[in-house]
Every structure is written in structure tokens, then in C-alpha cells.
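Q: Quick one: the structure is below, questions incoming.
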Amino acid sequence: MREFKRLFKWARSEGWGIALVVSTGMGIGLLTVLQAYLIAQIVNAAFMQHQGWADLDRPMVLLLGVMGARAGAVWSNEVAAQRVAVRIKARLRRALLEAMLRAGPAYLKTRRIGDLIAAAMQGVESLEPFFAHYVPQAVLAAGVPLLVLAVVFPLDWLTGLVFLVTAPLIPLFMMLIGRMAERLTRRQWQALQRLSEYILDTLQGLVSLKAMGRVRERETHLGRVADAYYTTTLTVLRMTFLSALAMELISTLSTALVAVEIGLRLLYGRLDFLHGFFILLIAPEFYLPLRMLGQRFHAAMSGVSAAQTIFTLLDEAETASAWSRVSLMEEKPVQSIVSLAPPLRIRFEDVAFTYPGRPDMTLQDITFEIQRGQKVALIGPSGAGKTTLAYLLLGFLQPSGGRILVNDHPLAQIPFEEWRKFIAWVPQNPYVFHANLAWNVRMACPEAPEEALRVAGRRAFLDEVLAHHPRAWDMVVGEQGGGLSGGEAQRVALARAFLKDAPLLVMDEPTAHLDPDLEVRLERVIRTLLEGRTSLIIAHRLTTIQNADWVLVLEDGRIVEQGPPADLLARKGAFYTHLAQWRAL
Ligand SMILES: Nc1ncnc2c1ncn2[C@@H]1O[C@H](COP(=O)(O)OP(=O)(O)OP(=O)(O)O)[C@@H](O)[C@H]1O
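Going by my numbering, the sequence shown wraps up at 585, each residue one higher than the last.
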């Protein structure tokens with residue numbers, strides 16, 4: 001039920017929109033009472049007092065006016081509620097995206113992408129019934145019965161008493177089955193999440209599944225996951241129908257009770273027709289908003305279950321953004337607080353880092369310096385913390401201890417938006433977006449002129465790829481570089497780095513994709529790219545290590561050795577052992 005509170009908070013934050021929903025809701029209540037009273041008055045005048053049409057034209061016109069106004073209020077209420085729902089959905093999606101980007105790549109690595117997609121797409125979408133139907137209905141359910149009670153009590157205290165005793169039965173029943181409904185819809189939402197994760201995982205790993213002959217097995221399992229979703233959906237539907245039936249029964253019996261006690265008193269002349277008929281007309285309207293609230297509660301429940309995932313993601317990302325310092329959504333220029341003159345000098349002083357939720361330190365006592373224009377190679381076994389160290393320098397993560405200095409300025413004081421202008425990042429598996437090649441390279445520097453794009457392409461050997469394709473730079477590639485080989489995607493990343501021409505290059509050297517001929521040429525490309533730049537390379541090849549000015553050997557999150565490669569080799573320590581393991585010696 002915590003989610004209910006948070007969702008209502010989001011609804012309240014819609015200001016005017018929600019004020020319109022509330023005011024039109026109260027308007028509907030008032031007009032409903034007035035409409036019932038006018039109908040009762042007209043019927044009373046026509047049939048009990050035998051008045052002619054001529055005497056009834058005023059109340060008839062008034063009734064038509066009230067009916068029109070009520071229709072208008074219902075329409076405005078629905079439109080306002082829909083607008084509130086659409087706006088909140090858009091805001092929630094943006095908040096999720098912002099939170100994910102603020103939390104940065106290190107946090108995203110810990111999450112399942114299927115989860116995020118399900119939350120941002122179906123999850124947010126399933127909140128529509130909550131904001132568009134449940135919230136306005138909650139306003140009506142709170143307002144209309146109170147209004148009816150306030151009108152009916154002075155007219156007939158006995159009916160007022162019946163209303164007062166029977167009305168709580170519907171919310172009481174709603175609360176009783178609410179817990180069960182919550183549990184079931186949560187199970188349904190989890191089944192949907194599992195299904196979307198499973199489909200995404202299957203599609204992404206299709207090649208491996210085929211290669212290992214596991215497609216049939218996966219298909220059978222997928223069928224089971226889909227069946228689980230089907231079964232939970234049917235259970236939820238069954239319970240929804242059952243609860244609708246029960247609420248219908250309660251309100252019908254209560255209305256019948258009112259009808260009997262009114263009928264009997266009319267029969268014995270203890271109540272005048274006008275009031276009796278008015279109360280009979282208003283009785284179903286008294287129970288309707290409560291009954292509808294029950295129905296809409298079930299429709300809204302799947303959204304509430306999804307909201308739990310959405311809010312968990314938002315909270316987690318919020319915590320993660322404390323250790324990540326990225327705010328990628330900010331496109332507005334940031335006032336520079338330091339002036340960094342390239343080439344850059346980097347210094348790590350006793351830097352430590354711990355991922356939240358992990359008991360041990362991922363990095364500790366990291367102290368080294370990259371002189372201006374120096375090429376530093378970072379080596380170490382898998383899981384030693386190389387990527388984490390690179391992320392710290394890139395500004396994706398914040399050190400838990402120590403500090404990083406750039407030209408003697410603490411990196412923590414340089415806004416990320418400013419810092420990113422100084423860095424080019426070439427990851428091991430660069431992401432190529434579903435767009436044309438020109439866009440994919442130009443994203444590194446959107447304002448770069450055409451000529452600079454061509455030069456960058458040429459320097460990264462990308463023109464060889466372009467030559468084989470009639471649309472050249474306009475060639476559209478699929479997401480994750482579909483349509484490009486691994487080596488070609490690598491060249492796109494290198495072309496981006498050339499185009500950006502940043503003073504600091506951070507690179508995770510490719511270990512695969514390259515044939516020997518391309519490897520030799522790429523080596524030349526990389527050497528050109530490194531010229532005159534300060535660079536940190538997570539090195540996986542011997543030549544890169546030999547050509548480096550300085551080598552850092554990382555083991556279990558600590559730098560166990562550092563120095564020029566020739567000196568380290570002569571020392572026959574960790575560096576030597578590391579290379580020996582590669583059979584490089
Ligand atoms: N987002 C994360 N949350 C929690 N722990 C993480 C996260 N990313 C990495 N780790 C852990 O931190 C340690 C260092 O990981 P890191 O990726 O920096 O190593 P690496 O040296 O780059 O490894 P590889 O060469 O295999 O890429 C590992 O034990 C890893 O499991």
C-alpha cells in the first residue's frame with residue numbers, strides 16, 4: 001500500500017490537472033443530486049398534483065440544463081483525468097530514464113535490461129487505469145456519498161441511517177479482498193516481467209542457442225514461462241469478476257432495502273411522494289461511486305504492482321547515483337569552473353572504490369600518475385578492477401576514498417558535462433546505434449564539418465567499409481551494430497575518437513574480431529590516435545604494452561607493480577609473471 005501513497009503523491013503534483021479532476025468530480029456529485037430532485041419534482045407535479053405541461057416547462061428546462069451540465073462535467077472530468085494520466089506517464093518514463101542515466105553504466109550492468117524495458121514500457125503504461133480511472137473515481141467515492149448523506153439525512157433520517165450502515169460494507173469488502181488482489185496482481189506482474197526478460201534473453205542469445213543446439217529446450221521453457229503468465233492472468237480475472245459480483249450484490253441488496261422501507265412508508269402514508277421518490281432515485285447513485293471504485297481498484301492493481309518495480313528502480317538508481325557522478329541528461333552548457341589546458345596530467349591519490357552491496361573493496365590504495373602526453377597501459381587478470389579504474393577516470397563513478405587530480409584540479413569539482421569534453425572513450429565492445437554511419441561517428445562531435453568526418457573515417461580505416469557499400473556514410477546499421485562486423489564496429493569507435501580529438505583517451509583494447517592483417521593496421525591507427533594525447537589503455541596485446549611509457553599491474557584491486565615496461569620485465573615480478581601466463585615470453 002506504500003505504492004498507493006506514492007502514486008497519489010504523483011497525482012497531487014499535477015496541480016491544475018488534478019484540481020480540475022477533483023472540482024469536476026464534486027460538480028458531478030452536486031448535479032446528480034440536483035437532477036434526481038428535479039426528476040422527482042416533475043413526476044410529483046405531473047402525476048400527484050396533475051399539473052399540465054404549461055406549468056412544468058420551467059423545471060423541464062432546468063432539468064435539461066442540469067443534464068447538459070452534468071454531461072459536460074463528466075466529459076471534462078474524463079478529459080482532465082486522461083491528461084493527468086498521460087502527463088504522469090511521460091514524467092515517470094523521463095524520471096526512470098534520467099535515474100538510469102544518472103546512476104551510470106556501472107549500475108546498469110547490475111540490472112537486467114528486460115526488467116528495465118518492462119518497467120518503462122508496460123509498467124508505466126499499466127498505470128493509466130490508476131490515474132485516468134481510479135483517482136477520479138476515488139474523488140467521486142469520497143464526495144458523492146457524503147453529499148447524498150448531507151441531503152438525505154435532514155429529509156429522512158431512517159434512509160440516512162440505512163445508507164450509513166450499508167455504505168461501509170463495500171469498502172470493507174474491497175479492503176478484505178484488496179490484500180489478496182494485491183498478491184495476485186503482483187504475481188501476474190512478476191510473471192509478465194519474467195516473460196519479457198526471457199524473450200529478450202532468448203533473442204539476444206539466439207546465435208549461441210543455435211550453435212549449442214538448445215533452441216528446442218529454450219522454446220519449451222519459453223512455453224512454460226508464457227503459461228505461468230496465462231494462468232496468473234486468469235486467476236486475477238476470476239477474482240476480479242468474483243469481487244465485481246459481490247459488490248454488485250451488496251449494492252443491489254442495499255438499494256432494495258432502501259426501496260422496501262420507502263415503499264412501505266409510502267404505502268402507509270408516513271412519507272410524502274416527492275421525498276420518497278427523490279430518495280429512491282438517489283439511492284443507486286449513492287452506492288454507484290463506491291461500487292465503481294471497487295471495479296476500478298482491480299483495473300488499477302496491475303499498475304500498482306508495476307509501480308512497486310518502478311519505485312524500486314527509482315530508489316536504487318538514486319542510491320547508485322551517489323557513487324556515480326554522471327548526469328547525462330543535462331544538455332545545457334555547464335559553467336566551467338576550472339580551465340584545463342591540454343595535454344592533461346592525471347594523478348590518482350590513494351583512490352579506493354567499493355560497489356554498494358559488496359563487502360570487499362573493489363579498488364584500494366590506487367596511486368599513480370599519468371604525465372602529460374604519456375601512454376599508460378593497465379594490465380591485470382579478469383576481475384582485478386581495470387574497468388572500474390577506467391570508469392573512475394571517465395567520471396562514471398565517484399571514488400569512495402582518495403582523490404583524482406586533473407592538472408592539479410580535483411576531478412570531483414569538474415562538472416561531468418565539462419569533463420566529458422576532454423575525454424574520448426573507446427570501449428572493447430562499442431555500441432553502434434540503429435542509425436546511419438555518419439550519425440554514429442558524428443555523435444562524438446555533432447558540430448564537426450563534413451571534411452573532418454571523412455578524415456576521421458579515413459584515419460580509422462572506415463573508408464574500406466564504406467567502399468563496399470553503395471550508400472557509404474548513409475549506410476544504416478542495426479542496433480548494437482547489426483550489419484557491422486566486430487572489427488568494423490571497433491573502427492566506428494576509433495573514428496569517433498579521431499573526430500572528437502580529445503586530450504585524454506581511455507581505451508579498452510579489443511581482444512577479438514581482428515584478423516592479423518587488420519590487427520597490424522589497427523595498431524598503426526591506435527598509435528596515431530595516441531600521439532600527443534594523455535592515455536590510459538586497458539591493454540590486452542603485447543605490442544601495446546611494449547609501446548607504453550608506463551605500465552600499471554593491477555591484482556585484486558591493488559596496484560602491485562608499476563613502471564616502464566622494460567624495467568618491470570627486468571625485475572621479473574608480477575608483470576613478468578603476467579606476461580609469462582600469456583605465453584608471451
Ligand atoms: N556494477 C557492479 N556492481 C557490483 N560489482 C561490480 C560491478 N561491476 C564490477 N563489479 C565487480 O568488481 C570487480 C572488478 O570488476 P571490473 O569489471 O572492474 O574488472 P576487470 O579487471 O575490468 O575485469 P575484466 O578484465 O574481466 O573486464 C569484479 O569482482 C566485479 O564482479
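Where is the CB? At the ideal position from N, CA and C, for every residue including glycine.
1) Which runs of the beta strand (DSSP E) at least 3 residues long sit entirely within the segment 448 to 528? Give them in chain order.
2) Let's see if you can read the secondary structure: which residues bound the beta strand (DSSP E) around Glu561?
3) Among the candidates Met48, Val124, Ile113, whose CA atom is the shortest distance from the CA of Arg94?
4) Let me know the secondary structure DSSP gives Phe353 once reduced to three states.
5) Would the beta-carbon of Ala384 be found less than 7 Å away from any heavy atom of ligand 1?
6) Just to confirm the assignment, what range does the alpha helix (DSSP H) spanning Arg186 have?
7) Considering Leu392, what are the terminal residues of the alpha helix (DSSP H) in which it resides?
8) Below 8 Å between beta carbons: does that hold for Phe286 and Tyr134?
9) With 16 other CB atoms within 10 Å as the buried threshold, where does Phe189 fall?
10) Could you check whether the Cβ of Gly487 sits closer than 7 Å to any heavy atom belonging to ligand 1?
11) Hey, quick one: how far does the beta strand (DSSP E) through Gln552 stretch, first residue to last?
12) Comparing alpha-carbon positions, which option in Pro136, Asp501, Trp75 lies nearest Pro343?
13) Is it the case that the Cβ atoms of Ile379 and Val553 are separated by a distance below 8 Å?
14) Classify His468 as buried or exposed, calling it buried when 16 or more other Cβ atoms lie within 10 Å of its own Cβ.
15) Helix, strand or coil, according to DSSP, for Asp567 in the structure here?
16) Applying the criterion that 16 or more other CB atoms from any shown protein chain within 10 Å of the CB defines a buried residue, is Phe130 buried or exposed?
17) In angstroms, rounded to a whole number, what distance separates the CA positions of Asp567 and Phe368?
18) On a Cα-Cα basis, can you pick out the residue from Trp16, Val61, Ser382, Val22 that is closest to Asp556?
19) Report all residues from its chain with a CB closer than 7 Å to the CB of Phe311; omit the five preceding and five following residues, and keep chain order.
20) Is it buried or exposed for Trp473, if we count other Cβ within 10 angstroms and need 16 for buried?
21) Whose C-alpha, out of Trp53, Pro105, Val86, is nearest the C-alpha of Tyr391?
22) Give me the residue from Ala36, Ala539, Glu523 with the minimum Cα distance to Phe277.
23) Is it true that the segment 399 to 413 meets the segment 351 to 365, where meeting means three or more beta-carbon pairs spaced less than 8 Å apart?
24) When we look at the beta-carbon of Ile113 and count the other beta-carbons within 10 Å, is it buried (16 or more) or exposed?
25) What's the C-alpha gap between Lys332 and Gln364?
26) Do Leu340 and Asn407 come within 8 Å of each other at the CB atom, strictly closer than that value?
27) Does the Cβ of Leu249 have 16 or more other Cβ atoms within 10 Å, making it buried, or fewer, making it exposed?
28) In the DSSP output, which residue or residues are listed as bridge partners for Thr534?
29) Whose C-alpha, out of Val148, Val432, Gly15, is nearest the C-alpha of Leu34?
30) Does the Cβ of Glu14 have 16 or more other Cβ atoms within 10 Å, making it buried, or fewer, making it exposed?
31) DSSP three-state label for Lys375, please.
32) Tell me the DSSP secondary structure of Leu209 in three-state form.
33) Are the segment 154 to 172 and the segment 39 to 51 touching by the rule of at least three beta carbon pairs closer than 8 Å?
34) Taking the alpha-carbon of Ala103 as reference, which of Asn436, Thr319, Pro430 has the nearest alpha-carbon?
35) Report all residues from its chain with a CB closer than 8 Å to the CB of Leu200; omit the five preceding and five following residues, and keep chain order.
36) Cβ of Gly395 within 7 Å of any heavy atom in ligand 3?
A: So, to answer that:
1) 504 to 508
2) 558 to 563
3) Val124
4) strand
5) yes
6) 169 to 204
7) 386 to 394
8) no
9) The amino acid occupying residue 189 in the given sequence is Trp; Phe does not appear at that position. Buried, because 16 or more other Cβ atoms sit within 10 Å of the Cβ of Trp189.
10) no
11) The residue asked about is misnamed: residue 552 is Leu in this sequence, not Gln. It spans 550 to 555 - the beta strand (DSSP E) in which Leu552 sits, taken as one unbroken run.
12) Asp501
13) yes
14) exposed
15) helix
16) buried
17) 16 Å
18) Ser382
19) Glu3, Arg6
20) buried
21) Pro105
22) Ala36
23) yes
24) exposed
25) Because the pLDDT of Lys332 is 44, which lies under 50, any placement of that residue in the model is unreliable, and the question is left without a value.
26) yes
27) exposed
28) Leu504
29) Val148
30) buried
31) strand
32) helix
33) no
34) Thr319
35) Ile113, Gly114, Ile117
36) Within the structure as shown, ligand 3 is missing, the only ligands being ligand 1.
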